[in-house]
Ligand code: ADP
Ligand code: MG
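In the working numbering, the protein residues as written are 737 to 1006.
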């Protein structure tokens, strides 16, 4: 059985969908079969980031309702043959989701894929609870700001009390991603440091992603930033994906301002 990973945050707009797309593609690049599933019913934007919005015919709600089988709904990535995508419904709202149908869908996928990554909607309501319900692990995405950390803390509380694993007396594995780190703002004290965040949330860190304006362009082009070898955020996502696949990769310092000379020297050793 493959591993089911929910990408969650509590607060919206912190980078869940960006993380899902890039980590999913990174896992596929690591030669593991991976499917990314859009659980943000009614919103749908994982398809855009992956450049697959024109390929969507069937969505997860149609699969759960038996109007299409899962093979018909899976869309193959244009970038890597190991990556597949399952779209959210744009027309239905999230009240159509039901636990039994979700369990069947995600366990069917886990039989076929090494990693099943579920992109959660914003908030901690029913759509969120359905995303975490059958997860083996969760990637918690935060921005270095108080409101994001507070909402993530609430989301973790729900994860630790309502997921199936916990009901069975087991634990849901947690990975923290700190996204949109701006070294200047960390240095000036306007942004929380990683140490502050780790102390508050007390879950293991799997990666730090810097603020990178290239992400917006990448999303508009439907070409995930991980494919850009010169992008600091892309490289950060690559390291996160490799860590999820079980390899040790040193944690890069993305919080210190690199002076011209230092960044040149570092660049020589990349
Ligand atoms: P969520 O799924 O949590 O709502 P998204 O992944 O859609 O968040 O990201 C919200 C916005 O932030 C998007 O416009 C995205 O391009 C931008 N964004 C995400 N991560 C970064 C980053 N590291 N640097 C710059 N912009 C980012
Ligand atoms: Mg999203």
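For each residue, glycine too, the CB sits at the ideal point set by N, CA and C.
- Distance from the CA of residue 781 to the CA of residue 753, rounded to the nearest whole angstrom, comes to 7 Å.
- For residue 967, the shortest separation between its Cβ and any heavy atom of the ligand ADP does not lie below 6 Å.
- When DSSP assignments are scanned along the stretch 886-942, the uninterrupted stretches of alpha helix (DSSP H) that are 4 or more residues long and fall wholly within it turn out to be 900-903, 919-923, 930-937.
- By the C-beta density criterion, residue 949 is exposed, having fewer than 16 other C-beta atoms within 10 angstroms.
- Proximity to residue 838 across 742, 995, 957 peaks at 742, based on C-alpha coordinates.
- Comparing alpha carbon positions, the residue from 787, 778, 809, 789 closest to residue 795 is 809.
- Between residue 909 and residue 883, the alpha-carbon positions lie close to 23 Å from each other.
- When the alpha-carbon of residue 855 is set against those of 840, 774, 902, 865, the nearest one is in 774.
- A residue is called buried once 16 or more other Cβ atoms fall within 10 Å of its Cβ, and residue 965, having fewer, is exposed.
- When 859, 985, 842 are compared, the shortest CA-CA separation from residue 851 is found for 842.
- Around the C-beta of residue 942, 16 or more other C-beta atoms lie within 10 Å, and the residue is accordingly described as buried.
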